[in-house]
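Here the structure is laid out as structure tokens; the discussion comes afterwards.
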Amino acid sequence: MEKLMVEKSDELLYEFFKNLSNRDQARIGLMGGWAVHYLLKGLDVVHLGSRDIDIFFDPKKVKPGTIDAKLEKMGFHRHSTFRWVKIFHSETEQELHPEESKKHPIHNLSYIYFDLATPTPCPHAMPEPLLKKVYQGEKTRIKVKGVPILVPAAKVLIEMKLKAAPERTDAFKRTKDVADLYALLNSHPELWVVKQGQRARTKGLDPKLVRTFKQKLDRFKTDGTLADAAGMLRIDQNRLTELLERI
1 MEKLMVEKSD ELLYEFFKNL SNRDQARIGL MGGWAVHYLL KGLDVVHLGS RDIDIFFDPK
61 KVKPGTIDAK LEKMGFHRHS TFRWVKIFHS ETEQELHPEE SKKHPIHNLS YIYFDLATPT
121 PCPHAMPEPL LKKVYQGEKT RIKVKGVPIL VPAAKVLIEM KLKAAPERTD AFKRTKDVAD
181 LYALLNSHPE LWVVKQGQRA RTKGLDPKLV RTFKQKLDRF KTDGTLADAA GMLRIDQNRL
241 TELLERI
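Under the working numbering, the letters of the sequence shown match residues 1 to 247, in that order.
Have a look at this one:
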């Protein structure tokens with residue numbers, strides 16, 4: 001069911017972005033795991049997809065109600081302050097209204113979430129100050145089935161992962177953050193200082209975020225995060241650890 005939910009999530013992100021106007025394509029973008037997936041796909045790197053869909057927008061230029069209306073039309077329901085949800089029965093794959101889902105055991109339910117973020121505080125969105133960098137020019141575009149989509153530059157995505165991983169309480173999401181972080185760092189040589197043919201350290205990343213992440217590395221070694229991330233990536237754990245220690 002997890003694979004099916006990832007496939008459905010991919011279809012839904014395409015549905016959201018495919019009919020955006022040219023104006024909104026410059027104001028509404030994709031971040032999180034799917035942004036990492038498609039950015040790496042553009043480099044011919046195969047990487048994990050995601051169940052959650054994370055989008056961002058500039059609230060000075062896009063009315064939050066516009067986003068809300070689009071998600072409602074797609075069949076999503078408001079779940080919390082910044083999150084929308086679609087609920088499926090895990091066995092029948094039937095889409096369920098939130099009220100209908102309460103009649104089923106939770107282990108029979110699967111969820112796809114749409115999370116909203118903005119560079120500045122805004123009702124019904126999660127503030128993410130790092131997004132200011134995107135609207136200041138640190139951005140790029142990916143293509144999903146030919147549709148151009150705004151995403152943060154690799155450096156900004158890396159900084160988001162450096163920030164998110166130490167704060168996570170959900171073990172799976174923390175593991176996915178670390179896997180995404182490794183894949184991004186390993187695929188962007190321009191972010192490394194190379195000495196004697198070896199990657200010595202990263203360059204240009206927010207030093208505070210780097211420091212906070214590295215302070216958590218020992219915990220990640222013992223709590224299973226690095227082992228699980230290596231398994232997710234299908235690589236040796238030592239290879240993962242060595243790269244992260246050089247950030």
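Just so it is clear, CB atoms sit at the ideal spot from N, CA and C, and this is done for glycine as well.
Taking 4 residues as the shortest admissible run, the segment 86-134 contains the following complete alpha helix (DSSP H) segments, listed from N- to C-terminal end: 98-101.
Contact annotation: the segment 145-161 touches the segment 183-190, with at least three C-beta pairs closer than 8 angstroms. Take Y14, set aside five residues on each side of it, and the residues of its chain with a beta-carbon closer than 7 angstroms to its own are V144, K145 and V147, in chain order.
If you check the CB distance, H124 and L130 do not come in under 9 angstroms. CA-CA distance, E91 to A229, rounds to 28 angstroms. In this model, R78 and G49 are separated by some 23 angstroms (Cα to Cα). By the 16-neighbour rule on beta-carbons within 10 angstroms, A164 is buried. The continuous stretches of alpha helix (DSSP H) do not include A200, which lies in the beta strand (DSSP E) extending over residues Q198 to T202. The segment 52-69 makes contact with the segment 18-27; the number of CB pairs closer than 8 angstroms reaches 3 or more.
Here P152 carries a strand assignment [DSSP, helix/strand/coil]. The beta carbon of H104 sits closer than 8 angstroms to those of H89 and L96, all from its chain and outside the five residues before and after it, given in chain order. Residues P148, I149, L150 and V151 of the same chain have their beta carbon placed closer than 8 angstroms to that of R141, with the five preceding and five following residues left out of the count.
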